[in-house]
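Chemist: Got a structure for you, questions after.
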Amino acid sequence: MTNSNNFFQMMEELRQYIDWLNQILIGGEQDTVTVGGVIKPSVSKDIADKWSAIQAMVQGRQAYETRASLPVFPPENIVLAEVWRDSKPENNGLYGWTGTIWEKSPYDVSLLANALFDKAEFRVDELGLENVNKNTSNTEFAVTDRNGRQAIGVRSNGAVEFSGLLTELAGNSGDLLFMNQFNQILLQLLADGTLSVANMNFEARDGGEELVVLDSKNRIALKVNDDGTIEIPGLKLEKLGFDDVELTVNRLIEPKDLNLPPLSELTQLIMYGQSLSVGAEGEPAISIQDSPVDYMFSHGAYVESNTIPEFYPLMPYKEGTANRNRETPQAGVLQMIHDLCDRENGGLQLAFLMGGAGRSSTKIEELSKGTVNFARFEQMVLNGQEAAKRDGRGTSLAGVFWVQGENDLGNPDSEAYVTQLLKLRKDMQAIRSCNQAANLPMFSYQTAPALYRTDDRMWGVPNAQMLASELDPLIFIATPTYWMDFVADEIHMPNYSYKLLGAYLGKAWKRVMVDGIKWKPLSPVSFSYSGNSVDIKLHVPNKGLVIEPGESHAGFRLKDLNGEAVIQSVEIVNDNAIRIKADRTLSSPLQISYARFHDGCVRDTATEHEHINIDGVVHPLHNYLVAFMKEI
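Okay, so the sequence shown: first residue is 1 according to UniProt numbering, each after it adds one.
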């Protein structure tokens with residue numbers, strides 16, 4: 001159609017274009033239109049063509065997140081599967097169904113190879129391999145870098161040179177020598193298997209000696225025996241009786257920085273819990289001298305009402321109040337911290353503001369956030385901040401001593417207690433004046449089984465306390481209490497036991513806050529048994545594992561489906577494990593318990609600095625094995 005300004009021609013052109021447009025819009029999946037000599041598909045055909053292409057790309061292929069989610073048998077018409085999000089990178093990729101199994105396609109191996117090649121720091125094309133002119137050198141063959149420098153040389157006598165280090169066979173003896181550029185022998189590998197380094201000979205031997213190291217005068221410097229022991233003149237190193245990999249790995253992954261609060265001019269410590277925290281039955285007070293460096297609130301060592309009375313001015317710390325002349329564990333905490341700092345840290349001087357906010361005969365839920373008791377604890381924190389401010393001192397809450405559990409004994413639901421204790425520590429940390437930039441550590445103890453010795457309800461709280469310390473790295477168990485002296489009710493303590501309990505809490509605080517140690521008590525790490533023998537591997541804080549004189553079973557009990565087995569012997573193995581021998585073969589499930597009747601007598605040995613003087617009696621702070629019941 002020719003162009004024209006004629007109106008009728010223009011109308012005819014418009015009609016033609018509209019006709020073409022209609023065919024494009026309403027045409028079927030097979031229709032096309034020729035416009036100006038160009039074939040145009042209808043919209044339906046264009047969509048159908050592109051959809052067919054997409055279908056062709058994914059026909060018979062389906063995606064799965066992990067290798068494990070691949071179906072045992074593929075859906076109908078699915079022969080390819082793509083794994084795209086497996087945690088193991090080698091499991092990701094394309095899989096094909098062989099008719100019996102999913103087989104991974106190797107189609108993308110070249111991509112991996114190229115990636116590895118690109119990362120390689122050493123490339124063959126940068127090396128030169130060449131024969132060397134024998135008239136000018138004794139080197140037969142050389143490998144050179146891209147700058148022509150010799151990296152490896154093979155000499156005509158068979159010796160090999162690595163960048164100045166020469167190795168060669170010594171004549172016909174078969175000895176291999178490693179020499180420097182001055183032909184000095186650095187290392188000899190002799191034909192008889194002996195290795196000589198810097199005048200020290202390493203020899204393999206028979207007769208119980210796997211390897212010996214000899215000096216230049218043929219004297220034994222070190223010997224490795226075939227039983228795994230190592231001997232150095234005057235010293236013999238025994239092998240471990242157990243695989244220590246698990247314990248070593250656990251120590252390596254322990255958090256090194258717990259983001260603990262700083263020690264201040266006046267560091268605040270609070271004891272919280274039930275009757276033992278306030279020294280119930282601990283009359284009379286024995287720490288009655290004013291402390292020269294530590295302080296308490298004006299109302300005394302602990303609060304006796306739901307609302308805190310006048311708290312200022314601060315008073316020198318001492319035990320006992322006008323109404324209740326009793327000893328709490330607080331004095332032991334302070335004395336032990338000061339004693340250890342003086343003995344171990346060159347007289348490090350610290351000053352504390354200490355107070356108790358506990359309440360007798362109280363369950364953990366009654367001491368948790370939202371209760372009157374927790375409000376009293378919170379008020380003590382705030383008053384400590386205010387008191388230090390009035391005195392012009394910096395302060396921080398650097399530890400809570402949680403002394404509670406007896407009132408929850410008999411509740412076998414250890415998981416509930418664990419949940420409540422973990423939440424309680426976090427709620428304490430969240431108090432606005434608790435140095436929120438830092439974490440708040442909690443120091444506690446393991447409750448003695450006491451009232452429920454004859455049934456398994458007794459294990460609820462003691463096991464829960466240990467489990468909480470494993471789940472929260474900021475909860476530290478200082479000691480079990482089954483071995484301490486109690487009054488007649490076997491729940492409360494005499495005054496000297498309260499001070500001793502405080503000393504253990506203070507020792508744990510010092511180890512964590514001053515020494516930077518992630519403290520753990522003497523406690524089991526793993527259990528195993530075979531035949532009539534049970535092995536218990538232990539975490540031992542100090543050297544010198546000891547079984548104190550007592551019952552032959554040392555506090556251990558073994559029980560399986562055949563009833564309780566008679567224990568014939570208990571012995572220490574390698575200073576980090578206990579081996580128990582029963583009178584018969586043991587079967588699964590096997591229940592192993594310790595200190596059920598306050599009769600445990602396994603401990604390590606206190607260091608020379610770990611002791612406290614209580615009324616003229618020196619008490620070493622040995623670490624006693626925690627009570628436990630374990631089924632394997």
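The C-beta atom is built at its ideal place from N, Cα and C for all residues, glycine as well.
None of these values were measured; they are calculated from a predicted model.
DSSP three-state label for His338, please.
Modeler: Looking at His338 - three-state DSSP - the assignment turns out to be helix.
Chemist: Secondary structure at Pro480, three-state DSSP: helix, strand or coil?
Modeler: strand
Chemist: Within this structure, are the beta carbons of His619 and Leu500 separated by less than 8 Å?
Modeler: yes
Chemist: Could you tell me the alpha carbon to alpha carbon distance between Ala438 and Pro261, rounded to whole angstroms?
Modeler: 5 Å
Chemist: Roughly how many angstroms separate the alpha carbons of Gln420 and Glu365, rounded to a whole number?
Modeler: 7 Å
Chemist: Which same chain residues, not among the five before or five after residue 637, have their C-beta less than 7 Å away from its C-beta?
Modeler: Absent from the model: residue 637. The displayed extent of the chain is 1 to 632, so no value can be given.
Chemist: With respect to the alpha helix (DSSP H) encompassing Trp509, which residues constitute its N-terminal and C-terminal limits?
Modeler: Asn495 to Met513
Chemist: Could you tell me the distance, in whole angstroms, from the CA atom of Glu548 to the CA atom of Tyr445?
Modeler: When rounded, the distance between both Cα atoms is 21 Å.
Chemist: State whether the segment 603 to 615 contacts the segment 486 to 494, with contact taken as three or more CB pairs (one from each stretch) at a distance under 8 Å.
Modeler: no
Chemist: Is Gly355 near Met380, with beta carbons less than 8 Å apart?
Modeler: yes
Chemist: With 16 other CB atoms within 10 Å as the buried threshold, where does Gln385 fall?
Modeler: buried
Chemist: Mind checking which residues open and close the beta strand (DSSP E) that includes Gly356?
Modeler: Phe352 to Gly356
Chemist: Could you have a look at Glu76 and say whether DSSP puts it in helix, strand or coil?
Modeler: coil
Chemist: Quick one: measure Cβ to Cβ for Leu424 and Ser368, integer angstroms, because I've assumed they're closer than 8 Å.
Modeler: 6 Å
Chemist: When you compare only the Cα positions, how much space is there between Asn407 and Trp459?
Modeler: 13 Å
Chemist: With DSSP run on the structure shown, which of helix, strand or coil describes Phe401?
Modeler: strand
Chemist: Looking at C-beta atoms only, is the number of pairs between the segment 536 to 544 and the segment 562 to 571 that lie closer than 8 Å three or more?
Modeler: Look at the beta carbons and you see the segment 536 to 544 not touching the segment 562 to 571: under three pairs across the two are nearer than 8 Å.
Chemist: Distance check for Gly394 and Tyr594, CA to CA, integer angstroms please.
Modeler: 45 Å
Chemist: Any beta-carbon of chain C closer than 8 Å to the one on Pro541?
Modeler: In the structure shown, chain C does not exist; there is a single protein chain.
Chemist: What is the rounded straight-line gap between the Cα of Asn92 and the Cα of Arg511?
Modeler: The alpha-carbon of Asn92 is positioned some 48 Å away from that of Arg511.
Chemist: Just to confirm the assignment, what range does the beta strand (DSSP E) spanning residue 633 have?
Modeler: No statement about residue 633 is possible, as the shown extent of the chain runs from 1 to 632 and does not include it.
Chemist: Alpha carbons only, please: which of Ala68, Lys88, Pro89 and Ser105 is nearest the one belonging to Leu80?
Modeler: Ser105
Chemist: Considering just the uninterrupted stretch of the beta strand (DSSP E) at Met442, what are its terminal residues?
Modeler: Met442 to Gln446
Chemist: Please work out which residues of its chain come closer than 8 Å, Cβ to Cβ, to Gly616, disregarding the five sequence neighbours upstream and downstream, and give them in chain order.
Modeler: Taken in chain order, the list of residues that qualify is empty.
Chemist: Identify the continuous alpha helix (DSSP H) that holds residue 687 and give its terminal residues.
Modeler: With the chain running from 1 to 632 in the structure shown, residue 687 is simply not present.
Chemist: Out of curiosity, what's the CA-to-CA distance linking Tyr272 and Ile431?
Modeler: 15 Å
Chemist: Which residues in the same chain as Lys520 place their Cβ atom closer than 6 Å to its Cβ, once the five residues preceding and following it in sequence are excluded?
Modeler: His539
Chemist: State the DSSP-derived secondary structure class of Ser587, mapped to helix, strand or coil.
Modeler: It is coil, neither helix nor strand.
Chemist: Just the C-alpha distance for Ala554 and Gly600, rounded to the nearest angstrom, thanks.
Modeler: 6 Å
Chemist: Comparing C-alpha positions only, which one of Arg579, Asn373 and Asp427 sits nearest to Gly531?
Modeler: Residue Arg579 is the option with its Cα nearest to Gly531.
Chemist: When we look at the beta-carbon of Phe556 and count the other beta-carbons within 10 Å, is it buried (16 or more) or exposed?
Modeler: It counts as buried.
Chemist: Quick one: what's got a C-beta closer than 7 Å to Glu551's C-beta in the same chain, skipping five residues either side?
Modeler: Asp599
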